[in-house]
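> Can you read through this structure? Questions will come right after.
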Amino acid sequence: MTKNKIFTVATSHLDTVWRWELPKTIDEFIPDTIVKNFELIEKYPHYRFNFEGAFRYELIEEYYPEQFEKIKQYVKDGRWCVSGSAYENGDVNIPSPEALFRNFLYGNRYFEDKFGVTSKDVFLPDCFGFGYALPSIAKHSNLLGVSSQKLSWGGAYECPFDLGVWQGVDGSRIFASLKPLSYRYNFDGDVRGDLQIIDKLADNGVHYGLPWTMNYYGTGDWGGAPDEQSVASVEQSVAYNDTSETQVISASSDEVFKQLDVLSENEKTSLPVWNNELVMRSHGAGGYTSRAMSKRLNVKNESLADMCERSCVAADALTSFNYPKNVLDSAWKKVIQHQFHDDLPGASTMLQYNDSWNDYFASLKQFQGEYQASGGALANELDTSWCEGVAVIVNNPVAVKRKASVQAHIKLNRNAKYVKVLDKNKKEVPSQVLKKTGKEFDIVFTASVDSVGWRVYDVIGSDKPCEIKTDLTVTEHSLENAKYKLLFNKNGDIASLVDKKLKVQLLSSPIKLALHHNLGELNYPSWEMRKADIDSEPYCYANTPEFEIIENGPSRIAIKVTRDADFSKVEQIV
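Numbering (our numbering), first residue to last: 3 to 576.
As structure tokens, this is what we get:
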């Protein structure tokens, strides 16, 4: 029989931003956390403190260098634990998988560089739910487990277990501690006598043959340290280990996962397995929509960063261009900094968002600059000698071959009413003019480019528009190409979308633009949205549509639908 083990994890949860801005964290919360935990470390020999987020350590290194050196010694002594593997204690639902991978990469890379250690866990005491991809990403980041107490706030599913295995979308598995008690939990006396811990040990032992449990204790959300009574209780409990059947461990946040990992295969297979997402039902649900500008800037950065990365790698391999690692890391870190779980989900102050959005735009400029520089280096290597007009180079940054419409602004060297666009074989491709001012044109043309490839097209003047017949058809209430046929109903809703090749109707009902009342709890208006409100009948649908065909050419067709919704005007381009 495996010996009873209680893993106590001392922590001080710090919201980098929330109802305050970053300067308050730097000026007040970080030094308070440092001073109070230094005192506890010196007074209690078994006390081990867990603190996550490499970004916070960067702040300590910059603003409190003497204390940072002392932390390095405490880490070496095993008394201060760098936890969670991440650069920032971020949301894990809105960010892309690439962002999550980089968050763990930058975090553990910093920990290894500065402290000579890495963390093996995802430490998220406070976070608004956990997507199905997280265990897969964590596993492929060489991490062992994840812990959080947030599901006690109302998960979409009943919390599956205290200690077990979480399987991700690709079948990868990590360990999970899902009932570790609140990060504000306190102990008073021998930890072995805590009723909640007794129940968890008994349940895990009876059902899975593993009488272990992990438990947070400490404070939050503004840093600081666990109360001294709790620390003294753990210290006293550890002292009884030699005479007790239940071991109390003053643990790092990843210690339980390290010990689970070395169990026999039979012991591991006895653990419960959860094979699904672990999202929230109401608390945090509003975080998908609050401060929509942050979501927009975040995804624009993630998309441009991916394009930039591929372009820079190609340019570094094929030209004299040098891969701009420092610039890309700097830009990515600013993005990840603002993926913090009270920042990107929309739960912070307007003053903070002024700073966040400024950083997002700064990162966009960094990514844009390197994308243009690397693209220019590659363009210089491409053969444009065959072009008679303006050479336009098209990049396809995705991993599959694409044929799609491309929009470009060009200036011809002669007057012309229209343009022709030619590929390298001098074959004309579908094109159309959107706008003309003198010799300058905004054009759309159809390009076909291999995955992560670059292709040259020649734009020349023409006295007549492109006459290529394509499969595009538009009426005031329909759009159609070789693959799909889309129909609007009289209310302006997309009522039908047929896959012509499969002969399948893809919609079960019209796609309606509707408005709902948000009756969420006033305590958490920025990030709570009640499921009942979401499921209720909308109080208003967009209506009284006006249809306008705004593009009708061989390369692209589009309809603009303008409707009223409550006291707003809504324009939708399809």
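The beta carbon of each residue, even a glycine, is placed where N, CA and C say it ideally should be.
Could you tell me which uninterrupted beta strand (DSSP E) segments, each at least 3 residues in length, are contained entirely in the region 158-209, listed from first to last along the chain?
165-169 and 175-179, all fully within the region 158-209.
> Let me know the secondary structure DSSP gives histidine 285 once reduced to three states.
In this structure, histidine 285 counts as strand in the three-state DSSP scheme.
> What did DSSP end up calling tryptophan 276 once you bin it into helix, strand or coil?
Tryptophan 276 falls in the strand class under three-state DSSP.
> Could you tell me which of Phe70, Val423 and Asp263 sits nearest to glycine 166, measuring between CA atoms?
Ranking Phe70, Val423 and Asp263 by Cα distance to glycine 166 puts Asp263 first.
> Determine the direct distance from the alpha carbon of leucine 61 to that of tryptophan 224, and round the result to whole angstroms.
Tryptophan 224 and leucine 61: Cα-Cα distance of roughly 15 angstroms.
> Would a C-beta distance cut-off of 8 angstroms place leucine 153 and leucine 280 closer than the cut-off?
Yes, they are a contact pair.
> Quick check: what's the CA-CA separation for alanine 158 versus histidine 285?
Taking the straight line from one Cα to the other gives about 10 angstroms.
> Is it true that the CB of valine 446 sits closer than 8 angstroms to the CB of serine 407?
Yes, they are a contact pair.
> Have a look at isoleucine 575 and glycine 440 and give me their C-alpha separation to the nearest angstrom.
About 28 angstroms.
> Roughly how many whole angstroms lie between the Cα atoms of leucine 436 and phenylalanine 443?
Roughly 7 angstroms separates the two Cα atoms.
> For the alpha helix (DSSP H) containing valine 258, list its first residue and its last residue.
Here the alpha helix (DSSP H) through valine 258 covers 257-263.
> Quick check on the DSSP output: what are the complete alpha helix (DSSP H) runs of length 4 or more inside the region 360-421, in order along the chain?
Whole alpha helix (DSSP H) segments, 4+ residues: zero.
> What three-state label does DSSP hand cysteine 542 in the structure shown?
Strand at cysteine 542.
> Does the beta-carbon of aspartate 79 have 16 or more other beta-carbons within 10 angstroms, so that it is buried, or is it exposed?
It is exposed - the Cβ of aspartate 79 has fewer than 16 other Cβ atoms within 10 Å.
> Compute the beta-carbon to beta-carbon distance between arginine 194 and isoleucine 28, rounded to the nearest angstrom, for a pair I have assumed lies under 8 angstroms.
Contact doesn't hold; Cβ gap of about 40 angstroms is too wide.
> Mind checking who phenylalanine 443 pairs with in its DSSP beta bridge?
Ile412 and Lys438.
> For the region 342-358 against the region 386-396, do three or more pairs of beta-carbon atoms, one drawn from each stretch, fall closer than 8 angstroms, so that the two count as touching?
Cβ pair count under 8 angstroms is below three, so no.
> Any idea which residues DSSP pairs leucine 481 with across the strands?
In the DSSP output, where bridge partners are listed per residue, leucine 481 has Val476 and Leu488.
> Helix, strand or coil, according to DSSP, for methionine 216 in the structure here?
Strand.
> Run through the DSSP bridge pairs and tell me what histidine 340 is partnered with.
Note: histidine 340 sits in no beta bridge, so no partner.
> Counting pairs of Cβ atoms below 8 angstroms between the region 225-242 and the region 188-207, do you hit three or more?
Because the criterion of three Cβ pairs below 8 angstroms is met, the region 225-242 and the region 188-207 touch.
> Take leucine 146 and list the residues in its own chain whose beta-carbon comes closer than 7 angstroms to its own, dropping the five residues that flank it on each side.
Within the same chain, leucine 146 has close Cβ partners Lys122, Asp123, Ile176, Phe177, Asp256, Phe259, Lys260 and Asp263.
> List the endpoints of the continuous beta strand (DSSP E) containing tyrosine 459.
Taken as a continuous stretch (DSSP letters only), the beta strand (DSSP E) holding tyrosine 459 covers 455-464.
> Expressed to the nearest angstrom, what Euclidean distance is found between the alpha-carbon atoms of glycine 289 and phenylalanine 130?
One C-alpha to the other measures close to 8 angstroms.
> Which value, in whole angstroms, describes the spacing of the CA atoms of glutamate 100 and leucine 346?
Each residue's alpha carbon lies about 16 angstroms from the other.
> Quick test of your reading: asparagine 217 and threonine 546, contact by CB under 8 angstroms. State the CB separation rounded to the nearest angstrom.
Wrong, their Cβ atoms sit about 58 angstroms apart, outside the cutoff.
> Check whether the region 326-346 touches the region 358-369, counting contact only when three or more Cβ pairs, one atom from each stretch, lie closer than 8 angstroms.
Yes: the two stretches touch, three or more of their Cβ pairs being nearer than 8 angstroms.
> Distance check for glutamine 69 and asparagine 592, CA to CA, integer angstroms please.
With the chain running from 3 to 576 in the structure shown, residue 592 is simply not present.
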